[in-house]
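Here the structure comes first, spelled out in structure tokens, and everything after it is commentary.
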Amino acid sequence: MVDYKVTDISEHMSFLEMMDVLNEQLVNQGEEPVAFDHDCREGICGMCSMYINGEAHGPDRGVTTCQLHMRMFKDGDTITIEPFRAKAFPVIKDLVVDRSSFDRIQHAGGYISVNTSGNTQDANAIPISKYAADEAMDAATCIGCGACVASCKNASAMLFVGAKVSQYALLPQGRIEAVDRVKNMVAQMDLEGFGNCTNTGACEIECPKGISLENIARMNREYLSANIKD
Amino acid sequence: MSVLDSKVPKGPLKTKWTDYKDHINLVNPANKRNIDVIVVGTGLAGGSAAATLAELGYNVKTFCYQDSPRRAHSIAAQGGINAAKNYQGDGDSVYRLFYDTVKGGDYRSREANVYRLAEVSANIIDQCVAQGVPFARDYGGLLDNRSFGGVLVSRTFYAKGQTGQQLLLGAYSAMNRQIARGKIVPYNRHEMLDVVKVDGKARGIIARNLVTGELERHSAHAVVIASGGYGNLYFLSTNAMGSNATAAWKIHKKGAFFANPCYTQIHPTCIPRSGDYQSKLTLMSESLRNDGRIWVPKNIEDVKAIREGRKKPTDLSEDERDYYLERRYPAFGNLVPRDVASRAAKERCDAGYGVNATGEAVYLDFASAIERYGKEQAKIHNIQNPSAAKIYELGKAIIEAKYGNLFQMYEKIVDENPYETPMMIYPAVHYTMGGIWVDYNLMTTIPGCYAIGEANFSDHGANRLGASALMQGLADGYFVLPYTIGDYLSNEIRTGKIPTDTPEFDEAEKSVQDKIDFFISNNGKHSVDYYHKKLGKIMWDKCGMSRNAQGLKEAASEIKELREDFYKNVSVPGTANELNSELEKAGRVADFLELGELFAKDALLREESCGGHFREESVELEGEQKGEAKRNDAEFAYVAAWEYKGEPSEAVLHKEQLEFNEIELKQRSYK
């Protein structure tokens, strides 16, 4: 743990702009800056992480760290920043962690086996109820940041995997391979060393995109019926 | 004679692409297994290209600096993707999409490329739906559309305000399928730092592993650059913090011509800057202009009162507001193209009517839309004589369903509720139409080196229409490159694996290593950001929304001086053999400092106003169009492609004359 002091922080600054001020200060002193992941800075790429004062993406709700603003803190506050912690997210440096386990889960089944030839049928050939499409969209909103894992006492990835499974399970195009998909993705999730879900619900509260626990329930149903069908 | 051969096939525009595909050389499936392709960048263009090439049977390696391909900045595109489906039956067609795109681009794009883009656009939607992209639908279960600036039809498909995210996740899912089969090997947290040429052909790259700092050699039979645009030249832009021009600039230095660098899109609806610490700007989707009305106060006293906090925007009556886009452009109103809307905002703010402390903001107001939708909903729900509060409640629900996530994002950043008070917006750098010059096959002037998506120059001319970037990225990656690259690779079936222990790879790696060692041992006194911010200020002030000869000359020499100072005084802490973000930034800013000068040189040459490039010396002096941009087709209907010769000031110009056979060149009028 290292203590740093930063001054002249405006309430309109984002949390990462405050980190920029700190790093600029460190570089000017000839010291190494604090390494952290970030990219789009508008809450959609899912690259930024950080566990701030004991919460993934900090104290605000429905935002990523890059959208967190300094107006959420008081002048003079001491802020504790840690990397996301989980066995399946090894720390690379400072606040940067390796989340490639999420990618491997998606390689295991996060797709529909359709060629990208453009010779598919017309997009309107299969009508999809607006409710199903909207629900699939809500699941697909997941940005894969890993806040759910970092918030979970079991370091479970079930909200993430549930969201990915649900998006496809809710659409007719995804139903074809639903059985294999859920089995393969869950198997990979377990292999990566993520824990199991004990329905605490911290993940849903800390998720910057409001991914609902219903997705975990849906994945469990899919998983159960997939194994019965075997 | 110019050395530029666009290789546009002969024959009628409408059948060019089909005829061309019928006669192109193909690679036998068994031979594809022996051919390697490198794809740099994994956004919509790179991701879709990698997936399709792997599916065809080539061995693909992808490279991205993010920790996962799915984080590329295409993910941030909000509004939608165009396609000539004509599901709305409002008169849309391939020809109209083609026409709108050429006109919107102010007649500075290549006709044949744009027609092909419009032709394959419908396939993209079919493809994405098959992949499970959850586009917005209506209650009948069919796909919904919205309209965008600069067009008169409703052809934009969308997934809430997160269309780019959903399309990128779609392309990424197609990649996953190929990664699982071993046909794509993803190199994440890797950055391409040079291209390697052997006998004049692109044969590989040097990449740095950003975690270990190790330099790696990768060989291939073709190299595809899909690394996006160079908007971060301005320091502040809507691009991601890591978005950079390094891959594009490195191939430029090895022989790929750079086309029209001065064509930059300044997007009209971004959240205004709040202070000097600002690290990036956030876009609010242009789709907001479907329902939002843009205005500033009519009277300068009201502007003052608002800035001093004595009045609120909602205190001003309709008569006291200047809906300047509706006033100046009655036919298109708030839906004029982006370049027109941005300049109009700048004009009002320069005249002193900007509504925030920096004087750089205008209002985007949803009050009328909330009322309109509210009344409509009251009718639908059969509510007689609804109260104003009821109308507001019903209307707000509709606006929330359409733009809820954007409103929430605005409120989180600005700390104001946009349902109750108008949003403040101001233009910001968003997209670069210029880029690596490519022929009809999307090949650069280096044989075997391709550029796709925002990284190339070909489809948007001098101004890109809304919802066309996603279309172009996916068109290039899914449907164009996989065909055209086969024509080149059909000559590579006997080449065999390309070795990396050759003098060409030695030399390229050494020059990359030397540059890294230089930065690490420079021990200067200023940070990389210090230089990046200075460069951004020069660009914004002198190469921004409007430009003049004197400013551009100053910009070129100031950037040159800044570059010299950078090499003397930049400081990069840490070592080369670890994750070192300052070192990564130093390399990118070094390239921006060269590209910026070429940009100014290109802008100076183009003594006309077209699209995103507005030259103050070239305006209409009389008539209905007085004060509007004046294009000069007689002298400037060409692509300016620059050849690298050392210093940017010594770059040599090659012209590709643009021919328009299907479309009559007209002044763009949105009045």
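As you go down the protein sequences, you meet chains A and B in turn. Counted from 1, the first sequence has number 144 at position 144 by my numbering; the numbering is strictly sequential. Counted from 1, the second sequence has number 1539 at position 539 by my numbering; the numbering is strictly sequential. Here a beta-carbon is modelled for each residue, glycine too, at the ideal position from N, C-alpha and C.
Using a threshold of 8 Å, state whether the C-beta atoms of P1590/B and F1614/B are closer than that.
As a working note, residue 1590/B is residue 590 in the second sequence. As a working note, residue 1614/B is residue 614 in the second sequence. It is worth fixing the name first, because residue 1590/B is Ala in this sequence and not Pro. Contact flag unset, no.
List, in chain order, every chain B residue whose beta-carbon is nearer than 7 Å to that of M137/A.
For the purposes of this step, residue 137/A is taken as the residue at position 137 of the first sequence. By Cβ distance, chain B contributes P1134, A1159 and K1160.
Whole angstroms are fine: how far does the CA of D77/A sit from the CA of M13/A?
The residue given as residue 13/A occupies position 13 in the first sequence. The residue given as residue 77/A occupies position 77 in the first sequence. If I take the Cα positions, the gap works out to 15 Å.
Since V1153/B contacts R1096/B with CB under 8 Å, what's their CB separation in whole angstroms?
Here residue 1153/B refers to the residue found at position 153 of the second sequence. Here residue 1096/B refers to the residue found at position 96 of the second sequence. With a Cβ gap of about 7 Å, V1153/B and R1096/B count as contacting.
Which residue from A1357/B, E1578/B, G1170/B and I1035/B puts its Cα closest to that of I92/A?
Here residue 92/A corresponds to residue number 92 of the first sequence, with the count starting at 1. Considering only alpha carbons, the answer is E1578/B.
On the criterion of 16 or more Cβ atoms from any shown chain inside 10 Å, does V1336/B qualify as buried, or is it exposed?
Along the second sequence, one-based indexing puts residue 1336/B at 336. The residue in question, V1336/B, is buried, as its Cβ has 16 or more Cβ neighbours within 10 Å.
Please tell me whether D3/A has its Cβ less than 8 Å away from any Cβ of chain B.
If you number the first sequence from 1, residue 3/A lands on position 3. No, D3/A does not count as interfacial toward chain B.
Within the continuous alpha helix (DSSP H) that includes W1249/B, where are the two ends?
Here the question's residue 1249/B lines up with position 249 in the second sequence. That run of the alpha helix (DSSP H) goes T1246 to K1253.
Out of curiosity, what's the CA-to-CA distance linking M1001/B and V1114/B?
Your numbering for residue 1001/B matches position 1 in the second sequence. Your numbering for residue 1114/B matches position 114 in the second sequence. Since pLDDT at M1001/B reaches only 43, below the 50 mark, its modelled position is unreliable, and the value read off the structure follows with that caveat. Near 25 Å, if we compare the C-alpha coordinates of V1114/B and M1001/B.
Just verifying my parser: in three-state terms, what is the DSSP assignment at N1082/B?
What you label residue 1082/B is simply residue 82 of the second sequence in a count that begins at 1. Reduced to three states, the DSSP call for N1082/B is strand.
Taking buried to mean at least 16 other C-beta atoms within 10 Å of its own C-beta, is H1221/B buried or exposed?
For this step, residue 1221/B is matched to residue 221 along the second sequence. Buried is the call here.
Span of the beta strand (DSSP E) holding C1270/B?
Within the second sequence, numbered from 1, the residue matching residue 1270/B stands at position 270. Run containing C1270/B: T1264 to C1270, per the beta strand (DSSP E) assignment.
A147/A: beta carbon under 7 Å from a heavy atom of the ligand MG?
The model on display carries no ligand, and the ligand MG is accordingly not part of it.
Is the CB of R1137/B under 8 Å away from at least one CB in chain A?
Indexing the second sequence from 1 puts residue 1137/B at position 137. Chain A contact via Cβ: present.
Quick check: D1100/B and G1150/B, are their CB atoms within less than 8 Å of each other?
Numbered from its first residue, the second sequence carries residue 1100/B at position 100. Numbered from its first residue, the second sequence carries residue 1150/B at position 150. Contact flag set, yes.
When Cβ atoms are compared, which residues of the region 1409-1437 of chain B fall closer than 9 Å to chain A?
Those would be M1409, K1412, I1413, V1414 and D1415, in chain order.
Mind pulling the chain B residues with CB within less than 8 Å of D230/A?
In the first sequence, the residue the question calls residue 230/A occupies position 230. Neighbours of D230/A on chain B: none; closest Cβ ~21 Å, over 8 Å.
Among D1602/B, M1424/B and A1112/B, which residue has its Cα nearest to the Cα of H1460/B?
Looking up residue 1460/B in the second sequence gives position 460. Answer by Cα proximity: A1112/B.
The alpha helix (DSSP H) spanning G1204/B covers which residue range?
Within the second sequence, the letter at position 204 stands for residue 1204/B. No alpha helix (DSSP H) contains G1204/B, which is instead part of the beta strand (DSSP E) from K1201 to N1209.
Which residue's Cα is closest to the Cα of F1366/B: Q1625/B, D1517/B and P1418/B?
Along the second sequence, one-based indexing puts residue 1366/B at 366. Ranking the options by Cα distance to F1366/B, first place goes to P1418/B.
Would you give the residue range spanned by the beta strand (DSSP E) that V1060/B belongs to?
For the purposes of this step, residue 1060/B is taken as the residue at position 60 of the second sequence. Unbroken beta strand (DSSP E) run through V1060/B: N1059 to F1063.
From S1227/B to P1272/B, what distance separates their C-alpha atoms?
As a working mapping, residue 1227/B is identified with position 227 in the second sequence. As a working mapping, residue 1272/B is identified with position 272 in the second sequence. Taking the straight line from one Cα to the other gives about 27 Å.
Pick helix, strand or coil for V1296/B, following the three-state DSSP scheme.
Within the second sequence, the letter at position 296 stands for residue 1296/B. The answer is strand: DSSP assigns V1296/B an E or B state.
May I have a chain-ordered list of the alpha helix (DSSP H) segments no shorter than 4 residues that lie completely inside the region 1494-1562 of chain B?
The region 1494-1562 of chain B contains these whole alpha helix (DSSP H) runs: 1503-1521 and 1528-1542.
From the DSSP output, read off the bridge partner residues of S156/A.
Counting from 1 along the first sequence, the entry for residue 156/A is found at position 156. In DSSP, S156/A forms a bridge with G195/A.
Have a look at M50/A and D98/A and give me their C-alpha separation to the nearest angstrom.
Against the first sequence, residue 50/A aligns to sequence position 50. Against the first sequence, residue 98/A aligns to sequence position 98. The straight-line gap from Cα to Cα measures roughly 13 Å.
With a threshold of 6 Å on Cβ separation, who are the neighbours of Y1329/B within its own chain once the five nearest residues in sequence on each side are excluded?
Counting from 1 along the second sequence, the entry for residue 1329/B is found at position 329. Excluding residues within five positions, the ones whose Cβ falls inside 6 Å are V1336, Y1670 and K1671.
Could you tell me whether the region 1309-1327 of chain B touches the region 1389-1398 of chain B, using the rule of 3 or more Cβ pairs below 8 Å?
Not touching, per the Cβ criterion.
Can you find a C-beta in chain A that's less than 8 Å from the C-beta of M1001/B?
As a working mapping, residue 1001/B is identified with position 1 in the second sequence. Reliability fails at M1001/B, whose pLDDT of 43 lies under 50, so the model's placement of it is uncertain and the value that follows must be treated cautiously. So, not an interface residue.
Helix, strand or coil for T1163/B? Go by DSSP, reduced to three states.
For the purposes of this step, residue 1163/B is taken as residue 163 along the second sequence, with counting starting at 1. Note: T1163/B maps to helix in three-state DSSP.
Would A139/A and S166/A be called neighbours here (beta carbons separated by less than 8 Å)?
Numbered from its first residue, the first sequence carries residue 139/A at position 139. Numbered from its first residue, the first sequence carries residue 166/A at position 166. A contact, by the Cβ cut-off of 8 Å.
Measure the alpha-carbon distance for Q1066/B versus A1245/B and round it to whole angstroms.
On the second sequence, residue 1066/B is found 66 positions in, with the first residue counted as 1. On the second sequence, residue 1245/B is found 245 positions in, with the first residue counted as 1. Cα to Cα, Q1066/B sits roughly 15 Å from A1245/B.
Tell me which residue opens and which closes the beta strand (DSSP E) that V1129/B is part of.
Indexing the second sequence from 1 puts residue 1129/B at position 129. It is not in any beta strand (DSSP E) - V1129/B instead sits in the alpha helix (DSSP H) that spans E1111 to Q1131.
Within its chain, find whatever has a CB closer than 6 Å to the CB of V1008/B; leave out the 5 residues flanking it on each side and keep chain order.
For the purposes of this step, residue 1008/B is taken as the residue at position 8 of the second sequence. Result list for V1008/B: A1112 and Y1440, in chain order.
Quick one: what's got a C-beta closer than 8 Å to Y1488/B's C-beta in the same chain, skipping five residues either side?
The residue given as residue 1488/B occupies position 488 in the second sequence. Cβ within range, chain order: A1222, N1441, M1443, P1447 and G1448.
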